[in-house]
Structure formats: C-alpha cells, structure tokens
Amino acid sequence: MKNTTYAIARSMLVFIAILPISCKKDWLDKKPDKSIVVPTSLDDFDALLANDQVMNLNPGLGELSADDYYITDEIFSYLPTATERNSYTWNKEIFEGETCGDWDIAYQQVFFCNIVLDGLAALKPAASEIARFNNIKGQALFFRAYAFYTLAQLFAVPYSQTSQQEPGIPLKLISDINEQIKRGTIAETYRQLGNDLSEAVNLLPVTQEFKTRPSKPAALALLARISLENGQYEQALDLAQQCLDEQPQLLNFNALDTLDANPIGFFNPEVLFHSAMLLYTALNTPYAIIDTTLYRAYDNNDLRKSIYFTGDGYGNFVLKSSYGGSPYYPFTGMATDEVYLVKAECLARQNEVAVAMQTLNNLLRERYRAGTFLPLTAANSTEALQMILLERRKELVFRGLRWNDLRRLNTDPAFARTIHRKINGNDYSLAPNSDRYTLPIPPDELKINNLEQNPR
Amino acid sequence: MRKLILALLLLVTIFTYSKAQHGPWLIRGRVTSADSIPLANVTVRNSDGTKTTYTDNKGIFSLLVPDTATTLVFTYVGYLAQEIRLLKTTDYYSLFLAADDNKLSDVRVSTGYQGITKERATGSFVQLNETLINRRISTGILDRIDGIASGVLFNRNSYRASTGEYDITIRGRSTIFAADQPLLVVDNFPFEGDLSAINPNDILSISILKDAAAASIWGARAGNGVIVISTKKAKANQPMSVGFTANFTIGEKPDLFYDPAFLKSSSFIEVEENLFAMGYYNAAENGPSKPPLSPVIELLIKKRDGLISPQQADEAIKALKQYDVRNDFENYFYRQSINRQYAVNLRAGGQKSAYYCSFGYDRNTLNTVGDEDERFTVNMSASFQPVKKLSVNIALNLAANRNNKNNPGYGQVNSGGSPAKGLYPYARLADAWGNPLAIVKDYRYAWVTAPEQQALLDWTYSPLTELNAAANSAQTFNARLDAALKYNLIPGLDISLLYRVEQQMSDTRNHYSTDTYTARNLINQFSQMENGYLVRHIPNAGILDLGNNHMISGNFRAQLDYNRSWKQHAVSAIAGYEVREMITKTQQNRFYGYDDEIAATQPVNYNDYYTAYQNPNSLLRIPYTDALSELTDRFRSWYTNAAYTFSNTYTLSASARTDASNLFGVEANQKKQPLWSAGFSWLLSNNTFYHWKALPVLKLKLTYGFNGNIDKTLSAYTTAQVVTNSFLTGLPYATVINPPNAALRWEKINIANLALEFATDKNTISGSVEYYKKKGTDLIGQAPLAPSTGSSVFKGNSANTSGNGIDIVLNSININRGFKWTTQLLFSHATDKVTAYDTKAVTSAYVANGAGNAGLIYPLVGKPLFAMYSYASAGLDPQNGDPMGYVDKQPSKEYFSILFNTTTDEMLYHGPARPTFFGSLRNDWSYHNFTLSLNITFQAGYYFRKTSINYGDLFQYWRGHSDYDKRWQKPGDEKITNVPSIQYPPYNFARNSFYNLSAALVEKADHVKLQDLRLEYRFNTKAIKRLPFKSLNIYSYINNIALLWSAAGNNIDPDYPAGYPPPRTYALGLQASF
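So the sequence lines, in the order shown, correspond to chains A and B. Here this note's numbering is used: the first residue of the first sequence is 1, the next is one more, and so on. Here this note's numbering is used: the first residue of the second sequence is 457, the next is one more, and so on.
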C-alpha cells in the first residue's frame, strides 16, 4: 500500500511536469509503439536486412516446372492452387487470377533494399561507421540484384545476343510506392544486375557474422553464375576464380552421417550465402519423387545418393533434407560447390580439358565414399562438358538452378531437350526455347500496372 | 434524499383587504427549492396556456394574466409540477417546488463534459438510473446495461465474444478494422483500465451517447458511441447515512451435453475399427514423430500382432464403449459457481464539505474447478467549498483484483500431436475411486511408457493431476486519483480544472512445476542420450512465466462553463482544452530451472538447435518467450459545445472538437479538421397552438454531425516493426508492416438522427421513436497496390460503409392503483452495409469467414460487414449420399470446382450474421411491498451456421459430431437427413468442406429468451421502529432463465452453436440503509 501511494504520488508529479511539455510542438511526434521503427539509422537498416523471412527466400516456380522430379496423379489432385497445377503441366494460363508468391517476395525484397538504399543516401556515416555503412549498402545491392535476377529467370526471356531488346523486368529502384515502373529491356535488366553486383563486391566484407548475409565471395559467386548463364565464360571463369581465392573450402561428405535425417545441417562450410525456396506443395517431401534416371545416375559409392535422398516407402526416392539444412525448404543460396562447377564448365568450354576435369574431380572426391573415387577423365572438351553438366545436375539438384540451366542449355542444339510430364493419362511436353519457358506477368500486377504481357 | 420534502408548501401572505380587479392582472412571485435556493427558468403558465413566463436567476417572475385567470402552473425539470389557485387578495406568491425523487437522477444526462437537462438535450441518449443498474446482480458493470438500454446490443456470437470479452455495438457497427467498442468514460475521463476495477455498487448512473450531437464532443474517439459511467459522490447538506448491500449468487453447472460436436463412444470406435482395417494408421504407427494413437487403435494393434487374444481385445473395447468423457468433465472439472458480493458506503455532507466513501468485496468461485476471482474496492470522494466561489472535489478509487485461472476447460484438454488431435470420447479422467488417470497426449502412449524412456521424467499426462498442479494466477491493482477545481468567475461563468491520474499494475504468474505435464514434456523433448548418459538441455526443475502490464494515464482538462438564462432565453455553453497521455508497458519473462522453494533459476542455451528426443527429424530451439513492449497514446484536443433554448420550447445546439494525436501523424494533426455536430429540438406541446389533449407532451429532435474513430494498429510513420527472433540466426529483425502513410487520419462517422418523444395524459404511455442514418467515410480498409511496389495491399482510409436504423422505446403504465403494472418495450433495428471497398477476396473466404466468427473480416461491397454466405445445396445423391452443390446451375459433385470456381455472385447470401432487430420487453408489477420484474429479450434478422460432422476432421483430428449418427446410410435417407454418407480414405477433403459450408447448415438465428426475473420485498421501516433501518429490501434474482423460442429449434441457442450457453444463476440479496 505504501509503495502504491508512493507510485501514485510520483506519477502525479511526473504528469504535472509533463503538462507544460505537452504544449510543445513535438509532443505529438512520440512513437505510439516502441517496437515500431522509422528506418533512419544503420541499426534500423541492418534489422531490415536481417529479416530472413523476406530477404532469404527465393522463387520456386522454376524448380516446380523443371524436370528433376515428378508427382503422382493423386498428389497432383491435392495441389492447392491453380498456379501449381498449371506450372507443373506448363499450361498456357498459369495464375488464373491467383497472386504470385514468387513475384511478390522478390519485389518485397526490392522494396526493403530500396528503403535501405534511399535511407543510406540521406545518411552521412561517421568515420568509425564507414565499414558498417559499406557493408549494409553492399548487402542491399546484392539482395536487390539477386531479387531482380530470380525475377528475370521466370518472367523475362533468356539472355542472348538476340534478346537484348526484349522486355525485361520492372526495375524498381526507389522505395516510393506511388512510382510504377515499366519493363524496360533485357539489356537494361542485366546491366543493372551487373552494376549493382560489381559495386557490392567492392563494398562487402569477405565474411559475415551469419551466412544469411551476403559476403564478397557470395557476390562474386552470383556474378559468376550470371555470367555463365549469359554465355560470358571468360568473365565467369575469372569471377569464379576470384571467389575461390577468397573461399575455397569444400565439405567432405564422409564426415556426415548418412543415416541422419538431416545430415548436412544449417550453414555448412561450403555455403557462401544462405537462402531458401518458397514452399510449394509439389516440391515437398515426400510428394516430389526424384526423376528415376537422375537417381540412377548416382554411383552407389556416391554419398550424395544417401545424403540427398531417401526412400518414400513405396519404392520411390524423394529428397531427404536440403543442402541448406532444412528438410522442407530447398536451398537456393550460393555455395562453393557451384562455383567449382562454374569454373570447370568455363574451362571445358575454353578447351582446357585437363584443368576442367581436375577441378571437377576435386569436388567429386569430397562426395564419394573415402577410397572409392576414381577420377573422371575426358578425351575432349565435348566429353568433358557433358560430364561436367551431368555432375552439375547431380550436385545442384533441388537448388533452384535446373530451370535456369534448361533455359540456357536449350539454345545449344547439343544439349537442347524436350521435357515431358504425364498426369491423369495426359502427356505434356515442353519443347526447347518454347515461349512457355517464360511465365506470364501475374494478373494482380497487370491490373494496376499496365505491363506488356509475355506471349505463351 | 429522504430528507427532501415531499409535499408542496405554499406560503401565502394574506392581506386582509381585497382589491377590485378589472382588466389584466400582474402576478409576481418567487420560486425556490425546498432548501430555499432560488430556481431559475421555472416555467410559469396561466392554466389555459395563453400566458407563459420564466423565473429569473433569483427565482422571481412576473406575469400579466387576464382577470379571468384562476390558476398558475409551475413546471421545472426534476421537480414536481405545481398549481396555485390565484387569490383575489394578493398578487405576490412565494412558493417551494418539491424535487421529484423519481426523476431527479434521470434527467441530468452526463456527457463526461457537462450535465445536460434532458429537456434541453437535442441528442440521443439512454439514461440508466441507480435502480435500473441494480436490477441485475453481477460483478461487472457492463452486464448491468445488457437488455435494458435501447439500441445497445451485446453480441454473443462474435469472435470477440468467444474470447470472453464484452462485444458491444451501439446502433450497429461503424467501422471495419479500427476500434469497434464504445468509448468508456468514468466520471469525466476515458477509462482504459481493467473493467473489473469498477464496482457496480459505486455507480450512480450510466448514460449512453448514441448520435453525433450527444457523442461528438468526444471527437476522434466517439465513433462507436460513448458509455458514460458516473460514480456516487459526496453531496452537501446531507446527514450521515450508511448503505449496505450483500448478494449471494449460485450458478448451475454448465451443460456439456449441449454441444452437438460430440460423437458417442460406440460410433467413434466403429469408425476407428473401420479405419484400422483399411490400414489408415500404418503410417502413424511407424511415424518418426511417434504420433498419438487412441487406446482403441492400440488394442487393435495388439490384437493384430497377437499380443492379446481377440476376446481380450473385444472385451476391452466393449468396455470402453460405455464411457462418456463428458461425465468425467462434469464431475471433476466443473461445479456450481458461487459469487458473493458485499458493499458498504458511508456518506455525509455539511455546508462546506462532504464526503462519500465505500468499500466493496467480491469473491467468485467460478464454475470451472480451480478458478476463482476476488476483488476489493475502496472509493473515497470529498468535496469542499473553502471560499465562496470555489469548490474542490477530490476522489480516490482503488481496486485490487486477484484471480486463479487453472482450468483449461472442456475442449482444451486434448491428445495433442501434429496435426493436433481432439480427445477420444471414451477417455477417462479418473478411475472408480477418483484417482487421476492418464490420457494419450502428444505421443504414442506405448512409446512414452516404454522402458527405453525410463531415464526421462514421467511423460504421461493426467488432466486431473495437471489441474491440481496448475498454478496460474493474476493480480491487478488499479488506482485513480481525481482532483477538480471549479471557480465562479462572474455570475453564470465558471472555470474548472480537472485532473486525473490512473495507474494500473497487473502481474501474471504461471508456475509449471515438474508435476505439470507442460514442464515435463518440454524437459523431455530437450533431453538427449549422449554416450549413454542422459543430458538435459532444460534443467529438471520448474518453469516460471512472469508477466506484467503497467498502464499509467494522465488527463488534464481546463474548461469554461457558461450557463445563463434571462426571460425566455437560456444559454448553456462549454469550451475547453484537454491533454491526455497513456503509456502501457508490458513485460513477459520465462525462467527455466525454477525452484519454488528457494526462488532460484538456471540458465539455458537459447541459441543452439537440439534434436527433439521423440523425433530425430525435428530440430528445435528452447522456446524463448521473453518480450517487452511500450505503447504511448497522446492526445491534445480543443472542444466546444453550446446550446441555446428559447422559451423552453426550441433548442439549438452545436459542438466542435479537434483532436491531434501521435497516432494520426503530422498531416492530419496540421489540418485541424474539426469533428462537429448540430442539433435542434422543438417541444411542440409547449406551443400555444398545440391543443392535442391526448398527447400533452410531444417533442421533435433533429441532429446531424460527425464522430471519429481510430485504428491504433496503424501509424502515419510506421514503416517497420521489430520482430523476435529469427529461426536461423536467433536475432531480432525488422519487417515493414505498412508503407509510410502521411495521409493517415481518423475515420469519420456521419450520423443524422430524427427523434420524436411523446407522453399521453398522466404518462400512461410515453416513449420515443428515433430514426438514424449513418455513413462511415475514410474508414480504414485495404486497397490493392501493384506488387512490384513491394506491397500488394495498402491499409489506409479507403473504405466506406452506411447504415440506418430505428430505436423505439415505449413505456406504459397499465394499472396504477394499489397494484401497479408497468411495461417497457425496447425495439431496435440496425443495419449496415459496406459501400466502398477496394479489394476482393476469393469466394471461399466469404463463405467460410464472411460471418466474422473466426476473427477475420472480409468486407464485400453491397453487403453487411458481417454476412452469412454459403454454397447452394442440392441435397444428397439418392444413390450414395454424396452432398451435391451446383456448378453452372446444374447439380454437381465437382467439389473442387464448387469451392474454387463459384463466383461471389453465385454464392448464396442468406443475410446479416449479426442481429438486425433486437430489444426487450420488461414488465414490472408491484403490490404493497412486493415488486416483480421480468425481462424478455429478443434478437432477430440474422443467420448462423450450425456445426456438423466433417469426416476428414473425425479421421485426422478425432473431432466427432453427433450428426454422424444421422448420416445417410441407405437410399431413401436423403429424404430425412442432410448429413452426407461417410467417405473413408482416400476421401475428398473438398467434399467435407463443401458440406460444412453449404446452405444445408445455415439457419435463421431469430430467438426469444426469458432473460431474467427479479422479486423484491421492501420492508416498511416505519412499522419496525425498533430496528435502525432507514430502508431495507430483500430480493432474489434469476438470470439466463430459458430460451423461449428459436427459429432453428429449441435445442440450440443460435448465439451458442458450439460450447454451452451461460448457465442459469440464482441470487439472493439484501440492501439496507441506516
């Protein structure tokens, strides 16, 4: 009771003291909720980029449309959205009025990054803060570029010399929600990606506290990936090498417990940047059954066979746990294994067969049961390239890269292939370089922002 | 009050000479109250109504009357009307008017800023006096309004109501997403503390402000109407008196057998046996997460594996069929409730000072075993008049509240797992001797009790042990300190300064000892065998959750009051400035390894992932529940309200208020757009041309204006909110919740009100009819954005609604002799409609959640905000009992197509999901010292959805429903039932969803209830002189008596399609004053 009386007396005094203050102009500027942030400081920007529920998620419709897996008729009938059913069968119409999570999450990332970049532009960091300022700016540039890149792989035609003037994706570069952006061109899209990532490389540190934040090697790896996909092999090789110079580490799969339900775990040593795929029912274990031919392509001594996959109890094989450590969310980040494969492919394409195969073997040695690995050899660059591309598919399975690889490799008649699906007795196929390799712009975007639609 | 004189005293100075009179005659005189205070503005009228005047501030009047005049009539609000016969011997009269005891407390309506006499009010009010407030016996104050206030609806079938909170709408809903409850004002200032801090025994009157003229003085917070509660206060010139109240209430046990969502054991087991035969449980049996299996399935497994003989299994199953878990719940989890309430008050007043103080004590033993409430309230108020023109009022209110909440309640005791199971109907909570029995919980019972798990803490779950071990309590302390100064500057003009500080501290404490399953389960999950040793990552000790919520608010108001009347004119005006700040801080902490004996705790590692003991595929972090929050509301307002009355017949009123707040943002604050109202009232019957004898009182009122409303979840500046904590990094992060919205402003509710008040001769029939129209503009709604902007929706001032309705109050005095019979009918009609809303959801969202019972809101233009939709039903397929709907107007079983392709135009709209007609019929009878009062309530014009069987839920979640026994089983059944045939796996979930959302389950919710009854006996204290009572009443009160009629059949109360209706309560009480 005494305490209460004291508390009341004190609060009364405090409030009387507030009275004259309450007449001040800024009295009403008080934040109504302390947990609300008006992002203005480096801490605020850092906290926005720390939002891994937004920043570290990537589209999944590409993987959903790719040929590394299939689902049964029964599972197909359970797919909850038209988007999933139509994407799986490469239908002309995809969204049927539904919103598109892939499009939304990528542009949400762009929005967050633009808030950060707009805010940084208005900030003059103290000398002691410059490193942190640069780090945050580099991250925002990376995240935005990665979002644009994932969008371009789904909603714009593949990059080529002839597609430069085709519509790109809307490049939203400021946070103002009243500004609506049109599509621009493929050339503009990739120029923006290149510029943002190059700047990020110069700003980012070699390592970050958490792998959910992009580092310099991660930015180099992404640039290398884009260069490879765009056919700029020399540049890709250079970038891959720069990346591996900073971070060459590989994980020996012999150290993993193949019986473990989740053998690889989060943030494995190869991971340069952690990110995961949006959840789609069709891609869930145990619905997504791994393509039989692909599964058989793994040698029995190849530890990936038992680390990546598990039986579903009906004689099929399904993904056990992702490379990123989550049983549900496939990994879509950057890792050194991919960089080695980029390097090997570029070398093979430049006729450096021996070095290319050596690079590939260095990776595979870490994947095979100890003492069982016989180094692969190739007679010529074509053979080398074939081996490297197969190993690329096997190593990077369910990493969101297969769709991109199909898109780029289809332009080369040697690797072009028609992919097939069978559902309820109906056959579906997707021919190389088909218009259906580019998804339509989602309807809710078109309704408000009058963009040019992709032909399908 | 008893000291007030009840008879007319007419003092006539008689001069002993008479005067010859010719022509007009000037009568003069002076009118005062019984305690000699001059009464201003008393209407003085010639008996034939041809001449009228008013007394001035000194109570003096003069009136020129023709020499034929014989009588003068004096009328004044709150006083008994008086007639005097004119004597030829004098032309000066001095008289007292006696206060009308019954009416005095009725007629001053408090708006929280001023008291308005009902005669001069233009706005729409409901005024409840002490007698009406005390008619019902309850612990909470708002219960006392239920069923007796016109236009005020207590929603029972809403989401808010289902969470145990009051859900009150005044004249229909006025908002979509913003605050939807009326503003509660206790003595001048908004009250935002815990409602239980208000003891109903301290309440003098309640006024409810319904239209713009009444409520807009509350500006941006008036949108949902305002409830103004006035507490009892010190009064001058009163001898000391003591009042005492004691109430004792017993409530019946709730009827758990009411809810149809229960499948009897024999039927449930029948389904389990069939599923088992199909191998439905094979996956779960071998599942890595050890999902729970019911005892019958375990028996069937043992039988299959030859671990027990078929006869043993069959006998055990046969035995289980006999049990009904509801009996155990009734026996061990529920009881009769007992509420005790005591209140004492003391008051006295001298010439220059007065005081009032009261003490209240409530102790409620709830009908859920283990749950109790206790409340102690102290109120003290004092008033002084240190110098002539200055009055000072000080009041201190304290309330301490303590409650124990240990009983999860029937329905919350379940078998867990993922997906979460319900409880199998043959579960047993205790054996024949009352010893607690374990039920299956979260994991397979066989696994939990296996020898391999011996190193762990006991992993079984007995609901009864859990109930006994639970230690969950909360304490709240609320203190309000009021100080008010009033100074009379010049005659008629007062300045007052009002100040209140309110502080509320509430603490919750939930101790999970290792006797509780909650603690044991968590400790076991985070246990691991490492190198043959058991390692516990959560210490083997209790878990303690502590929470606190501190609220402090400060209010200051400076106000000028001007009240003046001269001749036929009367002006009453106020203007003021107000600031208000409310800060709410909350804190939540969890301590692991807590030892209650020595109050010690132990640290845990929140950062690392651990493999769950029961499931090697599951990586978990130790739950981290600590949280802090701090909210600040600040308001700065200017307001004014003025009324001018001419000749006691015409009144014009106007009010305006501007609010600035830290919630709105700079732009809205700078615009200073006032919320305003204007009103007009005309007492027709006061006009000289009015001669309708049958209706001696007739008054017309017309008001128009704007009330505001706010959505605290939005802020003009809001861009990001910090969220804890990332699964991947364990760190807090920020998320953008709404793009900045500089244009954010309060919602505006425009109300026009037209009212007619009337009374027949001798008030035999009196009442009012009011019609209103409402228009909500700038309502917070969601508007679509191009997703490439980073947000696909934007919450802002983009929606509109409209509504209208009628409130009718009819009072009649049916018999008025020794036996008195009066009736009050309250009838209200309220509709609402969304008129502008930019986003549209998918059809299934409207059908499943359009009624708003799950807390989601899906507005659809042209329909009420809460509306009942369904998929049209084409009955059952006579071949196999499949439910049928429509696709392209043809009967169809394409359930996916029905669910996902039906357009919003094709779905069925039944009607509103909230009552659109409601009210009550109250009859009061009195004879000698007995009074009997009976209230019948009704609600109509809305729809509800009955629950039914969902076979998928039955298989997966063990959620049964008695409709299973009414299902289609053979051709021909489709004529007698709506319930589809059972479809065993692989089943089509859309078939189940369709049936549960089809028109077959939607019913009219119209119903009539015999709400309550009160019988009172008033002792004739004069007859028992030896006792010291000034008054003594005893009474009994029965509440929730019966459902008299329901359109959906009397076995279901439409307000409670699930759960159980509030049990009947019986109360006895005593009220005495000394």
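Just so it is clear, CB atoms sit at the ideal spot from N, CA and C, and this is done for glycine as well. A quick note: this is a predicted structure, and the numbers were derived from the prediction, not measured.
Nearest Cα to residue 1111(B) within the set 1517(B), 1100(B), 1011(B): 1100(B). Among the CB atoms of chain B, none fall inside 8 Å of the CB of residue 41(A). Around residue 28(A), the beta-carbon contacts reaching into chain B at under 7 Å are 1090, 1092, 1116, 1117, 1118, 1125. In the structure shown, residue 1261(B) adopts extended strand secondary structure according to DSSP, grouped into three states. Beta bridge pairing from DSSP links residue 1512(B) with no other residue. Selection 642(B), 649(B), 866(B), 1288(B) evaluated against residue 1516(B) yields 866(B) as nearest (Cα-Cα). Boundaries of the beta strand (DSSP E) harbouring residue 1086(B): 1083–1102, taken from the DSSP string.
Residue state for residue 979(B) is assigned as helix, using DSSP reduced to three classes. For residue 234(A), the uninterrupted alpha helix (DSSP H) segment begins and ends at 233–246. When the beta-carbon positions are compared, residue 39(A) and residue 119(A) come within less than 8 Å of each other.
The stretch 410–417 of chain A makes contact with the stretch 426–439 of chain A, as at least three CB pairs between them are under 8 Å.
With respect to chain A, the C-beta atom of residue 1182(B) has a partner C-beta closer than 8 Å. Ranked by Cα distance from residue 1478(B), the options 1472(B), 1487(B), 1471(B) are led by 1487(B). For residue 1106(B), the enclosing beta strand (DSSP E) covers residues 1106–1117. In the three-state reduction of the DSSP assignment, residue 100(A) falls in the coil class. The alpha carbon of residue 507(B) has as its nearest neighbour, out of 750(B), 579(B), 482(B), the alpha carbon of 482(B).
One alpha carbon belongs to residue 1047(B), the other to residue 979(B), and they sit about 13 Å apart.
Under DSSP, the beta-bridge partners assigned to residue 694(B) are 805(B). Going by beta carbons, residue 825(B) and residue 712(B) fall outside the 8 Å limit. Proximity of chain B to residue 25(A) at the Cβ level (cut-off 7 Å) is not reached, the minimal Cβ distance being about 10 Å. In the same chain as residue 1301(B), and ignoring 5 residues on each side of it, the C-beta atoms closer than 7 Å to its own belong to 1314, in chain order.
Using a CB distance below 7 Å, no part of the stretch 240–259 of chain A faces chain B. Put simply, the CB of residue 1189(B) is near chain A, with a gap under 8 Å to one of its CB atoms. Contacts with chain A at 8 Å (Cβ-Cβ) do not include residue 1437(B). Put simply, the CB of residue 1240(B) is near chain A, with a gap under 8 Å to one of its CB atoms.
Cα atoms of residue 1351(B) and residue 77(A): separation of roughly 12 Å, rounded to the nearest angstrom. DSSP places residue 581(B) in the strand class (E or B) of the three-state scheme.
A straight line joining the alpha-carbon of residue 1102(B) with that of residue 1213(B) spans about 18 Å. Taking each of 1150(B), 589(B), 1154(B) in turn and checking the Cα distance to residue 1143(B), the smallest one comes out for 1154(B). Proximity to residue 1336(B) across 1205(B), 1426(B), 501(B) peaks at 1426(B), based on C-alpha coordinates. Each residue's CA atom was taken as its position, placing residue 1193(B) and residue 696(B) some 59 Å apart. About 6 Å separates the CB atoms of residue 277(A) and residue 58(A); that is less than 8 Å, so the two are in contact. Residues of chain A whose Cβ lies closer than 8 Å to the Cβ of residue 1247(B) are, in chain order, 108, 111, 177.
Taking C-beta atoms as the reference points, residue 171(A) and residue 188(A) count as a pair closer than 8 Å. Separation of residue 1014(B) and residue 1035(B) (C-alpha to C-alpha, rounded to the nearest whole angstrom) is 9 Å. The C-alpha of residue 345(A) is placed about 11 Å away from the C-alpha of residue 225(A).
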